[in-house]
Amino acid sequence: MTDSLPPALVDIAYGASRLQLAPQLGGRLLSWRIGDDLIIHWPEAPDWSNVPRVRGGNPLLFPFLGRHRVDGRLGEWRDAQGVVRTLPVHGFARDLPFACEVDADGRGVRMTLTDTEATRAQYPFAFRFEASYRLVDTHTLDVTLSTTNLSDTPLPYYAGHHFYFALPHTLRGETTLALPPTERRRQLEDGSISAPEPGAARYALSDPLIHDRFHCLQGIPEAPVRLECPALRRRIEIDLDREGSVPWYAVTTWTEADGSDFYCVEPWLGLPDAIHNGLGLRWLEPGRVETASLAMRVTGLD
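In terms of this note's numbering, the sequence shown opens at residue -18 and continues consecutively.
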């Protein structure tokens, strides 16, 4: 069942390139189109009453991403003082309204979330979290996450993206993902992270080895992450080596089901449960700002 009344949406355009966003619904990028081609998937009949659970767009993962547990209980974390708090899987940002400011030239947008009494009950820090999207040209999108610590104590966080790339499920076998040097890991049933295995340079998206896997980057990635689909004559490059950016920790690959017409490629700053296992956990000092940037470029294949 779907709600036929979508919220106020924001459109950003440059040439044939168009972004559609819903700032009041988790600062969600809903879709990216270049002409008639859908790059970022969004379903035709979404449930507008429950957008955080819609499979599409780019949900923003903050302050923690993935699943965290305390004594086996999902959605809990223990702070440095030993206090156990509840926090949803993937954090609370995707459930909350963001303030929004469109760039003067109409080619970009900045969406901002700040702490409230409700967020401080789950995550006892004052912060400002901003997501910005900007169309550099018709085929290139810059994306930046900025976190500011407005508290008087160090702030723990590990944010990330959850990009749903449009891809007919019948084309997974001929679609490839190329990665810079990585180690491959996954989250086990008890919440722990598996031991690292050597990562391959290239995978087919039909390969079960990359379903729900974390590809942990080994040093600064000198080459972009590259998604290529010959049948669509499409190459998507994700450049994670951006001046001024903190280092990305991993790229996660996931899809929901064999028949899902999307595949997720997700740059993350840490791994699930980093607040307890330390894998990518970042500590931001009071008054400091950290920025995590990437550039996404879509081109045709010869």
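Every residue gets a Cβ at the ideal spot worked out from N, C-alpha and C, and that includes glycine.
In the DSSP annotation of this structure, the continuous segment of the alpha helix (DSSP H) that includes T100 starts and ends at E98 to Q103. Around the beta-carbon of S175, fewer than 16 other beta-carbon atoms lie within 10 Å, marking it exposed.
DSSP places A255 inside the alpha helix (DSSP H), whose first and last residues are A255 to N258. DSSP places R88 in the coil class of the three-state scheme, outside both helix and strand.
The beta strand (DSSP E) runs lying completely inside the stretch 37 to 98 and spanning 3 residues or more are 57 to 59, 65 to 67, 80 to 83 and 89 to 95, given in chain order. The stretch 69 to 83 makes no contact with the stretch 263 to 283; the number of CB pairs closer than 8 Å stays below 3. Scanning A26, I20, V32 and W58 for the CA closest to the CA of G259 turns up W58. Residue pairing by DSSP places Q168 opposite I174 in a beta bridge.
At a Cβ-Cβ threshold of 8 Å, C197 and Y230 count as neighbours. If the five residues before and after R216 are omitted, its C-beta is found closer than 6 Å to the C-beta atoms of E209, T280 and L282, all from its own chain and listed in chain order. Per the DSSP secondary-structure output, I21 pairs in a beta bridge with W13 and F146. In the three-state reduction of the DSSP assignment, R34 falls in the helix class. Looking from the CA of Q62, the closest CA among S274, P135 and R183 belongs to P135. Here L213 carries a helix assignment [DSSP, helix/strand/coil]. In this structure N130 is buried. Its beta-carbon is surrounded by 16 or more other beta-carbon atoms within 10 angstroms. Per DSSP, reduced to three states, the secondary structure at R153 is helical. Rounded to whole angstroms, the gap between the alpha carbons of I201 and R115 is 23 Å. Residues V35, R36 and G37 of the same chain have their beta carbon placed closer than 8 Å to that of P24, with the five preceding and five following residues left out of the count. Below 8 Å, too few C-beta pairs join the stretch 177 to 196 and the stretch -9 to 9 to call them touching: fewer than three. For A182, there is no enclosing beta strand (DSSP E), as DSSP marks it with neither H nor E. Leaving aside the five residues that flank L19 on each side, the residues in its chain whose CB is nearer than 6 Å to its CB run, in chain order, A147. If the five residues before and after T233 are omitted, its C-beta is found closer than 6 Å to the C-beta atoms of F195, E247 and W249, all from its own chain and listed in chain order. Note on geometry: alpha-carbon atoms of T125 and G172 lie some 29 Å from one another. With a threshold of 16 other beta carbon atoms within 10 Å, D133 falls short and is exposed. Straight through space, the alpha carbons of P267 and V206 are spaced by roughly 33 Å.
The DSSP-derived three-state label of L190 is helix.
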